[in-house]
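Taking the working numbering as reference, the numbering of the sequence shown is continuous, increasing by one, and the terminal residue is 261. Positions of the beta carbon are idealized from the N, C-alpha and C atoms, including for glycine. As the structure is a computational prediction, the values presented were derived from the model and not from experiment.
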Amino acid sequence: YYDTILVSRPHNMEYFGMLVRKHPAWFENIPIVYDAEALFSLRELGSREISGEIVSEDDRRRAIQDEIKLAALAGIVIAVSEREGRIFTENGIRRVEILGHALTPSPQAVPFEERDGILFVGAIYQETSPNGDSLLWFLDKVMPRVRESLGSNIRFTIAGANNSARIHARAYEGVDIVGPVEDLRPMYANHRVFVA
66 YYDTILVSRP HNMEYFGMLV RKHPAWFENI PIVYDAEALF SLRELGSREI SGEIVSEDDR
126 RRAIQDEIKL AALAGIVIAV SEREGRIFTE NGIRRVEILG HALTPSPQAV PFEERDGILF
186 VGAIYQETSP NGDSLLWFLD KVMPRVRESL GSNIRFTIAG ANNSARIHAR AYEGVDIVGP
246 VEDLRPMYAN HRVFVA
């Protein structure tokens, strides 16, 4: 039925791989593209190391290779950076294309003096997501220093899907969790600083 099949993220590729092994005839002569989005094993390894776990070189190599094995079904792998592309090719993936994100700037006319506060935009679907982890760190370690230096009236806005009970529990006065926002342009235009 399909001219091309594009699969994003390792958990979807794992599921797709089960289908291919069970029904190989369904996928004959259909180009398969794997959109890695990111090497999730690198995120997981980084998270383990930050939490104090000692990760051996063998464990590191195995985690990366297990994820890359999933991509072997694809004729083309899309990576988001040269670094991750190299990791795929060094581990036997023949065709890797780099496709980063490109956005057209949309400057707003609101002068800096009329802007206020700090903005974070990102989806947090799981407690252990990189966005959630980094935001908790920011709320616990950085915002107190910002407020100490610039005053307790500095507001911090969190936009995007947010399923983290830990972040909701830290929504003290001056921290606004607004959830998903249809059009982010006004938010960017009205805040002074964006946290990435």
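**Request:** Please list, in chain order, all residues of the same chain as residue 112 whose beta carbon is under 8 Å from its beta carbon, the five residues on each side excluded.
**Result:** Cβ neighbours of residue 112 beyond the five flanking positions: 193, 195, 198.
**Message:** Using CA atoms only, rank isn't needed, just tell me which of 94, 105, 120 is closest to residue 152.
**Reply:** Of 94, 105, 120, the residue nearest in Cα terms is 105.
**Message:** Using a 10 Å radius around the Cβ and a threshold of 16 neighbouring Cβ atoms, would you call residue 76 buried or exposed?
**Reply:** By the neighbour-count rule (16 or more Cβ atoms within 10 Å), residue 76 is not buried but exposed.
**Prompt:** So residue 214 is in the alpha helix (DSSP H); what residue range does that whole segment cover?
**Reply:** Run containing residue 214: 208–215, per the alpha helix (DSSP H) assignment.
**Message:** Per DSSP, what are the beta-bridge partners of residue 144 in this structure?
**Reply:** Answer by DSSP bridge pairing, in chain order: 163.
**Request:** Return yes when the C-beta of residue 163 is under 7 Å from any heavy atom of the ligand MN, and no when it is not.
**Result:** With respect to the ligand MN, the structure offers nothing, as it holds no ligand at all.
**Request:** Count the CB pairs spanning the region 243–253 and the region 213–224 that are closer than 8 Å, and state whether there are at least three.
**Result:** By the C-beta criterion, the region 243–253 is judged to be in contact with the region 213–224, since at least 3 inter-stretch pairs fall below 8 Å.
**Request:** Let me know the secondary structure DSSP gives residue 241 once reduced to three states.
**Result:** Taken through DSSP and simplified to helix, strand or coil, residue 241 comes out as strand.
**Request:** Could you tell me which of 183, 141, 208 sits nearest to residue 253, measuring between CA atoms?
**Result:** Cα-wise, what sits closest to residue 253 is 183.
**Prompt:** Taking the C-alpha atoms as reference points, what is the distance between residue 66 and residue 98?
**Reply:** In this structure, the CA atom of residue 66 is about 16 Å from the CA atom of residue 98.
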